[in-house]
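Numbering (our numbering), first residue to last: 947 to 1384.
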Amino acid sequence: MSKNKTTSHKSFTLTNDQTGQTVKLPVYEGTVGPSVIDIRKLYEETGHFTMDPSFTATGSCKSRITYIDGDEGILMHRGYSIEELTEKSNFMEVSYLLLYGEPPTSGEYDDFVHNITYHTMVHEQIHYFFRGFRRDAHPMAVMCGVVGALSAFYHDSLDIWDPKQREISAHRLIAKMPTLAAMAYKYSLGQPFMYPRNDLNYAENFLYMCFGVPAEPYKINPVLARAMDKIFILHADHEQNASTSTVRLAGSSQANPFACIASGIASLWGPAHGGANQAVLEMLAQIGTKDRIPEFIARAKDKEDPFRLMGFGHRVYKNYDPRAQVLRSAAHEVLQELGITKDPMMELAMELERIALEDPYFVERKLFPNVDFYSGIILKAMGFPTSMFTVLFALARTVGWISQWKEMMEEPTLKIGRPRQLYTGSPARPYVSIKERS
Ligand code: CMC
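Written out as structure tokens, the structure reads:
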């Protein structure tokens, strides 16, 4: 087992050009990847804060969960590559790995699956809670509300200082997310909610709760269930992205885990993050036919036009997104299974990908297709409406969020996150009463 060593004798010296003052800052090395300069003493020693508005160069925590090398297109969880995990493992095993740090033994696996399975039902009162929403509400709006409201239902696991209660909340969240996501979908259709089935695995049960109806038996398609499971694995965690950082920041104020995960869902919703999978399909529909691709490529390159190619580019990956590689072949498997061999949307997507990958604008900026580019195509083929795509992302990411929250809570000290700023407003001035203002 590799150790995450954060004590180092290395240092970095900064010099103030005007005064010549120097300050020596400790440098820490992780197990792999770039080292970090610890600037915590910088203000005390120099009177300066640092400035990094979108956190492009700032490490916010130590973590042993997920590693990404954006230049090489590498993603690994607890040291295992995403390619191996999607090929050989399953979402329950990956969830255990993320949460506890090591892959489970077969006994641990059975216990974990049992625990998750027996937490899938939600409090019956939650059914009434749903009825407060309009039927045409966006399911992400419903999820923000309902997941936050779980803290009003499960009072017995809200003590964040008790490791057992933290674990129960983690299990509840992982277990109940598919139930709540399926309920959000069923509610939008006006169909009855389907209670979870304990004889099905995680992905199968989710498909059953979404597409089954009480009036007839539901037949599980193993190819679709496996593709669903792969999508869950591929979205399970992605280190300190916007939503995960939101969860950690909310958690740093000692908020309960249900509230923290609700904040993560809200942060994921935006089209620059999890909302991109919905935006990809909307963009493909807007493009419509292959002959219109050049027009949209030109718009994406035009700095005066806010249009961007959705599903392309990534803050960290400056190489092919490894998750997109896996999903590209999964998309073909699903379309084949469903007999959609000549899907116009898929053909349009492939052509768009081909043109963008050859265009110097995208090549020079290293804008490759990301995970959202293909997940939308698979989910659409399975029968999910675009409004559900980000919900599925949130469902899978819950295990990553809660693992990151658990890791933070297990640190010996918990300190509230509180960034600083460069103030550019008015200097101090006297108050003038409204009558005297010109
Ligand atoms: N289409 C056209 N141009 C783009 C795109 C795009 N999708 N993405 C980046 N660029 C350009 C951008 O205009 C800039 O050009 P220039 O250097 O000439 O000013 C350059 O590439 C660098 O862009 P950036 O905005 O500095 O890059 P970023 O790291 O801040 O943004 C991103 C990353 C994901 C927000 C962005 O690539 C984007 O908006 N992509 C489309 C939305 C999308 O697919 N999001 C899903 C991300 S993956 C899922 C997840 O992990 O959440």
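Glycine residues also receive a C-beta, built at the ideal position from the N, C-alpha and C atoms.
Around the beta-carbon of Tyr1263, 16 or more other beta-carbon atoms lie within 10 Å, marking it buried. Assigned with DSSP and collapsed to three states, Leu1021 falls in strand. Residue pairing for Glu1162: DSSP places it in a beta bridge opposite Val1159.
For Ile1106, no alpha helix (DSSP H) segment is defined, and its DSSP state is neither H nor E. Boundaries of the beta strand (DSSP E) around Pro972: Thr968 to Tyr974. In the DSSP annotation of this structure, the continuous segment of the alpha helix (DSSP H) that includes Ser1189 starts and ends at Ala1188 to Ser1198. Taken through DSSP and simplified to helix, strand or coil, Ser1115 comes out as helix. Measuring C-alpha to C-alpha distances from Gln1224 to each of Asp1017, Phe1335 and Phe1339 identifies Phe1335 as the nearest. The alpha carbon of Leu1031 has as its nearest neighbour, out of Ile1380, Ile1179 and Ile1114, the alpha carbon of Ile1179. Annotated three-state conformation of Ile1286 is coil, per DSSP.
In this structure, Asn1265 has its beta carbon at no less than 7 Å from each heavy atom of the ligand CMC.
The beta carbon of Phe1330 lies closer than 8 Å to those of Tyr1131, Cys1156 and Leu1338 in the same chain, with the five residues before and after it left out. Sequence-distant partners of Ile983 (beyond 5 residues in either direction) whose C-beta falls short of 7 Å from its own C-beta, in its chain, are Phe958, Leu971 and Val973. A Cβ-Cβ contact shorter than 8 Å links Ser1198 with Leu1360. Leu1341 sits buried, since 16 or more C-beta atoms from the chains shown fall within 10 Å of its C-beta. The beta carbons of Pro1203 and Trp1351 sit closer together than 8 Å.
Exclusion of Met1086 from the 7 Å shell around the ligand CMC follows from its C-beta lying no nearer than that to any non-hydrogen atom of the ligand. Under DSSP, the beta-bridge partners assigned to Val982 are Tyr974. The DSSP-derived three-state label of Ser957 is strand. Scanning its chain for C-beta atoms nearer than 6 Å, with the 5 sequence neighbours on each side dropped, one finds around Tyr1133 the residues Phe1076, in chain order. Taking every residue with its beta carbon within less than 6 Å of a heavy atom belonging to the ligand CMC gives, in chain order, His1184, Asn1187, Ala1218, His1219, Gly1220, Ala1222, Ala1246, Arg1254, Leu1255, Met1256, Gly1257, Phe1258, Gly1259, His1260, Arg1261, Arg1311, Leu1313, Asn1316, Val1317 and Asp1318. Annotation for Ile1362: no beta strand (DSSP E) segment contains it, and DSSP assigns it neither H nor E.
For the region 992-1047, the full-length beta strand (DSSP E) segments reaching 3 residues or more read 1012-1015 and 1020-1023 along the chain.
Shown here for Val1226: same chain residues with a beta carbon closer than 7 Å to its own, the five before and five after excluded, namely Met1256, Gly1257, Asp1318, Phe1319 and Gly1322 in chain order. As the crow flies, the alpha-carbon of Ile1286 is around 11 Å from that of Lys1326. In the DSSP secondary-structure assignment, Phe1258 is bridged to Pro1315. Contact annotation: the region 1117-1132 touches the region 1061-1074, with at least three C-beta pairs closer than 8 Å.
A straight line joining the alpha-carbon of Gly979 with that of Arg1194 spans about 22 Å.
At a Cβ-Cβ threshold of 8 Å, Asp1267 and Pro1315 count as neighbours. Non-local C-beta neighbours of Val1345 in its own chain, meaning closer than 6 Å and more than five positions away in sequence, comprise Ser1041, Leu1044, Ile1120 and Ala1182, ordered along the chain. Of the residues Asp1305, Lys1288, His1278 and Asn1265, the one whose Cα lies closest to the Cα of Ile1243 is Asp1305.
Taking the Cβ atoms as the reference, Pro1124 lies roughly 4 Å from Phe1152, within the contact range of under 8 Å. It is roughly 42 Å from the alpha-carbon of Glu1039 to the alpha-carbon of Lys1247.
Taking 8 Å as the cut-off, the beta carbon of Glu1353 is found no closer than this to the beta carbon of Ile1028.
For Ala1374, there is no enclosing alpha helix (DSSP H), since its DSSP letter is neither H nor E. Per DSSP, reduced to three states, the secondary structure at Leu1273 is helical.
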